Every structure is written in C-alpha cells, then in structure tokens.
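Here the structure is laid out as structure tokens; the discussion comes afterwards.
2 protein chains.
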Amino acid sequence: MENILEQNGPRMPSASVDLRSGRATVKRHPERGAYDLETVTEILDQGLVCDVAFMVDGFPYAIPMTYGRIGNSLYVHGAVGSRLLRSLASGSPICLTVTVVDGLVLARSAFHNSMNYRSVVVLGTSAEVVDPVRKTAALRAILERLVPGRWDEIRPPTRGELARTTVLEIRLREASAKIRRGPPVDDEADMERDVWAGEVPLRIRALAPVADRNNTVALPSYLSAINDGTVFPRARRE
Amino acid sequence: MENILEQNGPRMPSASVDLRSGRATVKRHPERGAYDLETVTEILDQGLVCDVAFMVDGFPYAIPMTYGRIGNSLYVHGAVGSRLLRSLASGSPICLTVTVVDGLVLARSAFHNSMNYRSVVVLGTSAEVVDPVRKTAALRAILERLVPGRWDEIRPPTRGELARTTVLEIRLREASAKIRRGPPVDDEADMERDVWAGEVPLRIRALAPVADRNNTVALPSYLSAINDGTVFPRARRE
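If you read the sequences in order, they're chains A and B.
Position 73 (the first sequence) corresponds to 73 in my numbering; numbering is contiguous.
Position in the second sequence counted from 1, then plus 1000, gives you my numbering.
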C-alpha cells in the first residue's frame, strides 16, 4: 500500500484545484492516485489521526497527532516548548499523512494480497498560528471535526491556556491521495484454487459513551446519536 | 497526543529488554512513556498499519504500510524498484510509527480534551532481506498478523514474485511507547460546569466477509469466526 512520491508519472485528470507536484505523484499503481482538492479533503475529513513526519538533526520522525481543517488549511496542536513543535514552527519541511483502512483484501495468492484504503500525503511546511482568534478557531476545528456540536458546550481556552498551546498551520498546496477499492485481483491461473477469496471490510466504530465518575449531566444530543456501532469519524460515508 | 523524542527525561523502570535511547524518550507527559519490549511489541501487534518515515533529498515523508513482526524484527514490503523501497534498503535512518486509538476523551474544557491511545515510535535503519526463505517468512508474518491461519491456504509466492518484492527488516533496538488511558482530567474549577464529560471508546471492527464474485469456496473457519463487530486486529484485548 505504499504511496510512492516520484518525479514522473501520467498526469491524472483533475476536477478542481490540483495539488499535484513533481514529488507528490503516486508512482506505484498510478491508477490509484488522485490529486484534486475534493478527493484529498474528503479523505482528510474521514481520518481519525494523522502522522506528522519531520526531521531533527538529520533523522526522520513520524508522530501521531489529531488535526483539523478549515478550508485549505490543516491544523495540529501541542504543548509549547516541545521539541517537535519547536522544530515544526520554524518552517522546516514536513509531511502529514492520513490513512483510512477500508478492508483486508484476501486474494488466492500471497502476492496479490492487499488492503482497501484511502491515504493522503500532504507535503509542505508548517507555520505557527500566533493570533489568539485564529488559534482558537483552529482548536475548535480540531475538536469539531471529531465531535461536531461539542465546542460550544465546553469552556473555551483561556489566554493562559492558549499561550501554553502551539498551533501549526499546514497549507494544502501539494498533496496526493492514493485509493484502492474493490475485490482481489487474482492471476487467472489461481482462480481454480480451493481457497476463499474476497474482502473483510473494516470500520472504526464507537462504543456507547462512558461518563466520568464526576459527571451529573445527561448525554447531550450530539453524543446520544452515538451508540454501539456508530462509524467514526461521523463524516465517513458508508 | 504528540510523542516527543527528546534527550532528557526520567528513566522509567523496565521489566525486560529496554528499548530506550536518548532520542527515544517521551518528554511531554513522561508518565505516559514506556520502553520495555513487552509493552512495545504488544502495541505493535495490535496496530493495523504503520507509517514509515524516511528522507529523500532532504525532505521527510511518511508512507502507510502493512507490517509484520518476528521476534525483535519488524518487516515491511513493497514493489522492487520503487523509490521508497530503494531509499529504505540503503540503510538510511527511518522511523516506524504505529498508533492504536482507544477513544475520544471529552473534558469539560477545550484545553483538557484528549484521546486515549497507544502509540509506538521505532527508530532505526532498514535492511533488505534477500534470502528467499527469510523473505517468505517475513511475508507470511505480515499476512498472519492480521489473518491468522490464512497463509497455509493460499498459493505461496513464486521465485519470480519474490524477486519482484522488496522486504525490509527493522530491528527493534530503539523505541518508545506512549500510552494514555482513563477519563478526562479536568481542572477543579470546571467540575461544576453543566457539560457531560467522559470517554467515547473507539474500536476497529470487521463487517462480515464479502466473497468475490468468482468465489465458490465456503468461508474457512479462520474467517467464519469474524462477524459483524469482531474487533481488529484479533490480537487486541478488549
């Protein structure tokens, strides 16, 4: 399922803003590549967490983070003073990767085993968001992406809390999506083998919310809609 | 939820082989860090996909991949000739990150919002596996980790297929785990706020397997145990 970034490859038709660049091009299985803003943002909206890759002292790191989106900008956040956030705020190059796994693809041969998935690789640099209003909007987007309706109920961040939080913006300028769907693709010679073949679909599902022991408040409507089996994130299409 | 790798930090007691290094140390929330082989491998065994971070021409990339484990070695695979696999096979530094999201932690304030999760960051270099027997064992481990019992039913890779597949080994020598569990931790001053607080547990669940249209074989026992709601990967503890 590797999403190869390579210099060359056939140019895909794009329905809208094209996020493709020389290095943001799917080389392996180019037919699985997509570069239009709609496809990229739809996958981003359906991911749960991202990995942010960056370099420190010449070594690569990938760190899981929650994220939010407002228009063509992605936002991540963390504690002020962390080495990660300090590195990222300096404008150094980063890669933000989101993967939605849709199922296991079980072929008749080991070689054709696969997964159905939708992944996005965003390339760019991060910029620190300093303005408190924009910072708050970004934190809101991070929460509301996963739990729509919650932000207005909770206590918003104070000036002091905002000062202790670093928010980074990554503009969506250069990105590729890679998508595999459908049944296994077996070699003709393997079709008669006595082995079951098909897909095992996978979904992220919620269990019923569990109140903390100090809670005295009824489950709000935006959470009571969640019961055992609700697919997450809610934006995900079935 | 960022997993900070930093030079300093309190040393955690370790029950077994210690995978900690100067840079593989959780700085932010050090109480969430763990470095013993048992904790690290248990999380690795329960992940679905990993992101492999590496550098090309001075830029960081993180690419989703499936993976397997045999003892203290992790394995990833891809097509021969891909730029990613060529870069990784050269022994350049990489980072392999696995994240298991256990739930959304909904606090009474924006600042204390969180996730319950278990993540592992493995630092090291990759080495190409050339020997066909070891290569086949690695491919088997990648499949059997997710679908135990399947490998012996399917057609194993031919010499030609093996030659078209690159398998990389990453030895588990330097790694950190970061774990958050439990309810939200709110400020005392927020406890009387009129807002529900608690956790929304999340699980990856399978739907019933879907046979491909050429399939004429009954569902094997290792798949018939999967029905709507089975938690994935199977190794995961409830």
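Idealized CB from N, CA, C, for every residue including glycine.
Quick caveat, the model's predicted, so the values are computed rather than measured.
Using a 10 angstroms sphere on the CB of methionine 191 of chain A, the tally of other CB atoms stays under 16, which defines it as exposed. DSSP, read as helix, strand or coil, puts threonine 66 of chain A in coil.
Along the segment 170-204 of chain A, the positions whose C-beta sits under 7 Å from a C-beta of chain B are Pro183, Pro184, Asp190, Met191, Arg193, Asp194, Val195, Trp196, Ala197, Gly198, Glu199, Val200, Pro201, Leu202, Arg203, Ile204, read in chain order. When DSSP states are grouped into helix, strand and coil, leucine 1106 of chain B belongs to the strand group.
Counting the other Cβ atoms within 10 Å of the Cβ of glutamate 1199 of chain B gives 16 or more, which makes it buried.
By alpha-carbon distance to serine 1119 of chain B, the top candidate from B:Val1017, B:Ala1024, B:Gly1058, B:Arg1145 is B:Ala1024. If you draw a straight line from the Cα of threonine 166 of chain A to the Cα of arginine 108 of chain A, it comes to about 49 Å. Chain order gives the chain A residues near serine 1119 of chain B as Pro64, where near means a beta carbon separation below 7 Å.
Just so you know, the alpha carbons of glycine 1081 of chain B and glycine 1091 of chain B end up roughly 16 Å apart. By the C-beta density criterion, arginine 205 of chain A is buried, having at least 16 other C-beta atoms within 10 angstroms. Under the Cβ criterion of 7 Å, isoleucine 1154 of chain B is counted among the residues facing chain A.
Distance from the CA of alanine 218 of chain A to the CA of arginine 159 of chain A, rounded to the nearest whole angstrom, comes to 29 Å. The beta carbons of valine 40 of chain A and leucine 19 of chain A sit closer together than 7 Å. Taking a beta-carbon distance threshold of 7 Å, leucine 48 of chain A counts as an interface residue toward chain B. Under the Cβ criterion of 7 Å, aspartate 51 of chain A is counted among the residues facing chain B. Put simply, the CB of aspartate 212 of chain A is near chain B, with a gap under 7 Å to one of its CB atoms.
Residue pairing by DSSP puts alanine 1211 of chain B in a beta bridge opposite A:Gly198. Beta bridge pairing from DSSP links alanine 34 of chain A with A:Ala177. Taking 8 Å as the upper bound for CB-CB distance, arginine 1028 of chain B and alanine 79 of chain A are in contact here, some 5 Å apart. Within the DSSP secondary-structure output, histidine 1029 of chain B pairs in no beta bridge.
With a cutoff of 7 Å on beta-carbon distance, arginine 1032 of chain B and arginine 1203 of chain B are scored as not near each other. When C-beta atoms of the segment 1144-1162 of chain B are compared with those of the segment 1063-1070 of chain B, three or more pairs fall below 8 Å, so the two segments count as touching. A:Val56 is the residue among A:Val121, A:Arg155, A:Val56, A:Val100 whose C-alpha sits nearest the C-alpha of arginine 86 of chain A.
The C-alpha of alanine 1053 of chain B is placed about 39 Å away from the C-alpha of aspartate 194 of chain A. Here arginine 1023 of chain B carries a coil assignment [DSSP, helix/strand/coil].
Contact note: valine 101 of chain A reaches chain B through Leu1048, Val1049, Ile1204, using a C-beta cutoff of 8 Å and chain order. Between alanine 211 of chain A and leucine 106 of chain A, the beta carbon gap of about 40 Å keeps them out of contact (Cβ cut-off 8 Å). Contacts with chain A at 7 Å (Cβ-Cβ) include arginine 1108 of chain B. Annotation: glutamate 1128 of chain B has no Cβ neighbours in chain A at a cutoff of 9 Å; minimum Cβ distance is about 15 Å. Residue burial is scored here from C-beta neighbours: arginine 213 of chain A has fewer than 16 other C-beta atoms within 10 angstroms and is therefore classed as exposed.
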